[in-house]
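J.: Protein chains in written order, with the working numbering: chain A, 3 to 448; chain B, 3 to 448.
For each residue, glycine too, the CB sits at the ideal point set by N, CA and C.
I'd like to ask you about the structure that follows.
See the structure below:
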């Protein structure tokens, strides 16, 4: 690509909300009525190529406006900057956003402000991959190890992973990358499905969807648990009977328990052979997870969708607190921080099974797992990407599942672009859907 | 007080910013140019007494608008509720705010959303104490232990502190409370001062202010470190020479270091006999603090002003990671969560030395330490409240220091009320100061 003088000319935001609470899709023990939402950002440029960078943070309704305000607070760091320079080194923007000392006070590196950084950083990676005419997973897999290392902020993790160690892991990961890329294009990357197991579903619906999941080629399903033990026993039995012994069944408490409760509850469900127990307690409780893991083995412990940053992941690994690390594409500070987390997981030999679902999280996170397979960990063994069959039709380049596997995206970018019609219809409160809804006096998302 | 039908009628917010960056007041290794700010909230009622509840979160400039937006996202939980009921049981509101599942997704219990909860909860305690015609510290110290226990959310901390243990600690704390209250009224609560040690100050100013601190009766000062080791060696030597050997000198790195750097840097400054090293690394790094503490003893390790919630404090105590626990009145979810943290500290026998300074943090946090002294830990040994001589004149009931001691507030409430003129002048961007400043094209806070 020849150098250009193109600049970022706009950082546009959208408060997009889908009325999912009306169907109890996505209901769990902590989140009974989510309205799946996205604080959505578009980076526009004055380049001739007409390309845009799209990114977003996932929320579940109220507060999506706060998340949008946080993205807007970052605008001055992005506007007017050279598109060539940013795309050649997204780490620069990542460092500038994390390093804004006044905004840093609002975290640091956690919560609303950090998720906003993730949305903007991911939008830049979307733009960079589009300009390189590659899907993000291949853009990353093709990158020089030294350059990937330069994208990572080692502050606060250098005691567990040095730049030199990261470089060696990435160099090692290149061996056989060509063969794995070919395999990936043919077979895809294994997924598992949470669609049968939402807490609000009847036993009949659970049975039907669990059988369907097996028929669709999934080798793992997941059930939400944690609201009522008797219900959970019945639902786990129902699901296990529906899928048989050969299919893995994970259970997910969505942070419902104290440490002691997590141990007791998991043991009470152990007879149904759960593969992992997910989010048994607060995502902040490293030592709590370590205690739970020790007590519930051989049931594995998984967490990560609400883990705020690489520093907490580092400790979960250092403390031997988890068997399964669940990255989320839009909770931490974007691709750069997820590279650090993937490298930490590789160093400690812990498999990464991403959190997905929500709005567009499957679309995003598949790229990170595919990069990890092709050019870092080099394996899909005991690795699965979560799949939920919600809201994919709102995206230009939705995920494609075949026989329970995510097929590798081929379109350039991060698969982050929402359809213009969807943005227009579901922007809150002025989009067509919400305007009509509010006129009828419902206003569920307010 | 006879029952009333009074309701909360308004939740008004203010984006208040002071142009402190122009004097390098408050400059440290991570925050070179803070504009001390408050996302400020006023709860108004239709009660005949005309009382209001005031609360705020401290920020350092940009992003204060995001913090205000987060407070506004909580408004629907507060408006229209019974003032009697809320003031009789602030824990109800605390639980409702933390339990809003959609907003919880933006944390959980951390960052912008959690600080907003803290501001609103603190405003309610201000109102409750005013209605009881007591300063907050006495309102808490006079409360029944059983009621105080009911104010605490034990989720995620019950493995370290049970309700029964909390009750016993509070019952024990009542022995001698009357005598301690009398002592407190006479002698005040010991403070220490950070005013000499800002990074942007010259050696001459450091020497002058350090001597002044000793003359003012302080027995401990604090220096900011972490930007440049040679500078820090010189500044520590300068300060130690100014104060002599009998005064404690703490050093504060404001999260500047990795674990290894923290150890090396602290050892390099050990010859100047620092009492504690504060925020040596990320506030999220429990295991990192534990490693640093082991390596730098007998220098003590202190942290807490950026610790997001009780769950991380619990782990810092469980891991033996800190010698000194630094609560902040406006970072966590308000008085209720700080009660939990004070109880955790009491259980583990770790002294609490609050973070203060900023805007109004001294005014708030003195109440928590005074309650702790009178009715919980029962001692001020090795306990000091930070003092910074900034911006107190903007408050109706500013802190009073005498011979290096905080004198016990006597006015009802939480000392949180800012002067109406200050609110009017420094509201951003429409207050008189900023309007004039922006008209001149400065706009430092934007």
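Going by CA-CA distance only, name the one from 151/A, 67/A, 439/A that's closest to residue 92/A.
T.: Position 90 of the first chain holds residue 92/A. Ranking 151/A, 67/A, 439/A by Cα distance to residue 92/A puts 151/A first.
J.: Tell me whether residue 6/B, by its Cβ, gets closer than 7 Å to a heavy atom of the ligand ZN.
T.: The model depicted lacks the ligand ZN and carries no ligand whatsoever.
J.: Assuming residue 316/A and residue 346/A are in contact, meaning their beta carbons sit under 8 Å apart, how far apart are those beta carbons, in whole angstroms?
T.: For the purposes of this step, residue 316/A is taken as residue 314 along the first chain, with counting starting at 1. For the purposes of this step, residue 346/A is taken as residue 344 along the first chain, with counting starting at 1. Confirmed, Cβ separation roughly 6 Å.
J.: Are the beta-carbon atoms belonging to residue 253/A and residue 216/A less than 8 Å from one another?
T.: By one-based count along the first chain, residue 253/A stands at place 251. By one-based count along the first chain, residue 216/A stands at place 214. Contact: no.
J.: Does the Cβ-Cβ distance between residue 101/B and residue 112/A come in under 8 Å?
T.: The residue you call residue 101/B lines up with position 99 of the second chain. The residue you call residue 112/A lines up with position 110 of the first chain. Result no, Cβ atoms of residue 101/B and residue 112/A do not sit closer than 8 Å.
J.: Kindly indicate which three-state DSSP category residue 116/B falls into: helix, strand or coil?
T.: Numbered from its first residue, the second chain carries residue 116/B at position 114. Note: residue 116/B maps to helix in three-state DSSP.
J.: On the criterion of 16 or more Cβ atoms from any shown chain inside 10 Å, does residue 181/A qualify as buried, or is it exposed?
T.: As a working mapping, residue 181/A is identified with position 179 in the first chain. That one is exposed.
J.: Using 8 Å as the limit for Cβ to Cβ distance, is residue 289/B near chain A?
T.: Your numbering for residue 289/B matches position 287 in the second chain. It does; some Cβ of chain A falls within 8 Å.
J.: On the criterion of 16 or more Cβ atoms from any shown chain inside 10 Å, does residue 78/B qualify as buried, or is it exposed?
T.: The residue given as residue 78/B occupies position 76 in the second chain. Exposed is the call here.
J.: Report all residues from its chain with a CB closer than 8 Å to the CB of residue 430/A; omit the five preceding and five following residues, and keep chain order.
T.: Locating residue 430/A in the first chain gives position 428, where the first residue counts as 1. Correct list, in chain order: 17, 18, 19, 39, 66, 67, 436, 447.
J.: So within the region 204–278 of chain B, which uninterrupted alpha helix (DSSP H) runs reach at least 4 residues, ignoring any that extend past its ends?
T.: Listed in chain order, they are 205–217, 231–245, 261–270.
J.: For residue 154/B, which residues in the same chain have their Cβ closer than 6 Å to its Cβ, ignoring the five residues on either side in sequence?
T.: Here residue 154/B is taken as the residue at index 152 of the second chain, counted from 1. Cβ within range, chain order: 341, 342.
J.: Give, in chain order, every residue of the region 97–108 of chain A whose Cβ lies closer than 8 Å to some Cβ of chain B.
T.: Against chain B - using a Cβ distance shorter than 8 Å - the residues of the region 97–108 of chain A are 102, 103, 104, 105, 106, 107, 108.
J.: If contacts are defined as beta-carbon pairs under 8 Å, then residue 333/A and residue 307/A qualify, I think. What distance do you get, rounded to the angstrom?
T.: The residue given as residue 333/A occupies position 331 in the first chain. The residue given as residue 307/A occupies position 305 in the first chain. Yes, residue 333/A and residue 307/A are in contact; Cβ-Cβ is about 7 Å, under 8 Å.
J.: Residues in its own chain within less than 6 Å of residue 109/A by CB, not counting five upstream and five downstream?
T.: Counting from one through the first chain, the residue named residue 109/A turns up at place 107. 115, 116, listed in sequence order.
J.: Say whether chain A places a C-beta atom closer than 8 Å to the C-beta of residue 446/B.
T.: The residue given as residue 446/B occupies position 444 in the second chain. Confidence at residue 446/B is low in this model, with a pLDDT of 49, below 50, so the placement of that residue should be treated as unreliable; the coordinate-derived value is given next. No, residue 446/B lies away from the interface with chain A (no Cβ there is under 8 Å from its Cβ).
J.: Please go through the region 303–346 of chain B and give each complete alpha helix (DSSP H) segment of 4 or more residues, from N-terminal end onward.
T.: Qualifying alpha helix (DSSP H) stretches, in chain order: 312–320.
J.: Using the Cα positions of residue 4/B and residue 50/B, report the straight-line distance between them to the nearest angstrom.
T.: Here residue 4/B refers to the residue found at position 2 of the second chain. Here residue 50/B refers to the residue found at position 48 of the second chain. Going from the Cα of residue 4/B to the Cα of residue 50/B covers about 12 Å.
J.: Going by DSSP, name the residue or residues bridged to residue 60/B.
T.: Locating residue 60/B in the second chain gives position 58, where the first residue counts as 1. DSSP, once it has assigned bridges, lists 40/B as partnering residue 60/B.
J.: So what does residue 16/B bridge to, in DSSP terms?
T.: Counting from 1 along the second chain, the entry for residue 16/B is found at position 14. DSSP output for residue 16/B lists 42/B as bridge partner(s).
J.: When the cut-off is 8 Å and only beta carbons count, does residue 328/B lie next to chain A?
T.: Within the second chain, residue 328/B is the residue found at index 326, counting from 1. Chain A, which has no Cβ nearer than 8 Å to the Cβ of residue 328/B, makes this no.
J.: Would you mind working out which of 76/B, 260/B, 203/B sits nearest residue 13/B, comparing C-alpha positions?
T.: Looking up residue 13/B in the second chain gives position 11. Out of 76/B, 260/B, 203/B, 76/B has the C-alpha closest to the C-alpha of residue 13/B.
J.: Can you pull out the residues from the region 291–322 of chain B whose beta carbon lies closer than 9 Å to at least one beta carbon of chain A?
T.: Listed by position along the chain: 293, 308, 310, 311, 313, 314, 316, 317, 320, 321.
J.: For the putative contact between residue 161/B and residue 262/A, defined by C-beta atoms under 8 Å, what is the C-beta separation to the nearest angstrom?
T.: Translated into positions along the second chain, residue 161/B becomes position 159. Translated into positions along the first chain, residue 262/A becomes position 260. Contact holds; Cβ gap of about 6 Å.
J.: Am I right that residue 376/B and residue 134/B are in contact with their C-beta atoms under 8 Å? What's the rounded C-beta distance?
T.: Residue 376/B sits at position 374 when you count from the first residue of the second chain. Residue 134/B sits at position 132 when you count from the first residue of the second chain. The pair is not a contact, with the Cβ atoms about 16 Å apart (cut-off 8 Å).
J.: Nearest to residue 412/B by CA position, among 74/B, 131/B, 29/B, is which residue?
T.: Stepping through the second chain from its first residue, residue 412/B is reached at position 410. Answer by Cα proximity: 131/B.
J.: Whole angstroms are fine: how far does the CA of residue 330/B sit from the CA of residue 41/B?
T.: Locating residue 41/B in the second chain gives position 39, where the first residue counts as 1. Locating residue 330/B in the second chain gives position 328, where the first residue counts as 1. Each residue's Cα considered, the two are about 15 Å apart.
J.: Quick one: is residue 229/A near chain B, going by C-beta distance under 8 Å?
T.: As a first step, residue 229/A is located in the first chain; it is residue number 227 there, counting from the start. Not closer than 8 Å to any Cβ of chain B, the Cβ of residue 229/A fails to qualify, so no.
J.: Find the residues of chain B that neighbour residue 61/A, judging by a C-beta separation of less than 8 Å, and give them in chain order.
T.: For the purposes of this step, residue 61/A is identified with residue 59 of the first chain, where counting begins at 1. Those are 104, 107, 108, listed as they occur along chain B.
J.: According to DSSP, is residue 398/B helix, strand or coil?
T.: By one-based count along the second chain, residue 398/B stands at place 396. DSSP places residue 398/B in coil when its eight states are reduced to three.
J.: When the cut-off is 8 Å and only beta carbons count, does residue 430/A lie next to chain B?
T.: Taking the first residue of the first chain as position 1, residue 430/A is located at position 428. Closer than 8 Å: no.
J.: Residues bridged to residue 47/A by DSSP?
T.: As a working mapping, residue 47/A is identified with position 45 in the first chain. Answer is 10/A.
J.: According to DSSP, is residue 147/A part of a helix, a strand, or is it coil?
T.: Taking the first chain and counting its residues from 1, the one referred to as residue 147/A is at position 145. In the structure shown, residue 147/A sits in a helix (DSSP, three-state: H, G or I).
J.: Would residue 123/B and residue 73/B be called neighbours here (beta carbons separated by less than 8 Å)?
T.: Here the question's residue 123/B lines up with position 121 in the second chain. Here the question's residue 73/B lines up with position 71 in the second chain. Contact: no.
J.: How about residue 337/A and residue 294/A: are their beta carbons less than 8 Å apart?
T.: Sequence index remark: in the first chain, residue 337/A carries index 335 (1-based). Sequence index remark: in the first chain, residue 294/A carries index 292 (1-based). For residue 337/A and residue 294/A, no; Cβs fall outside 8 Å.
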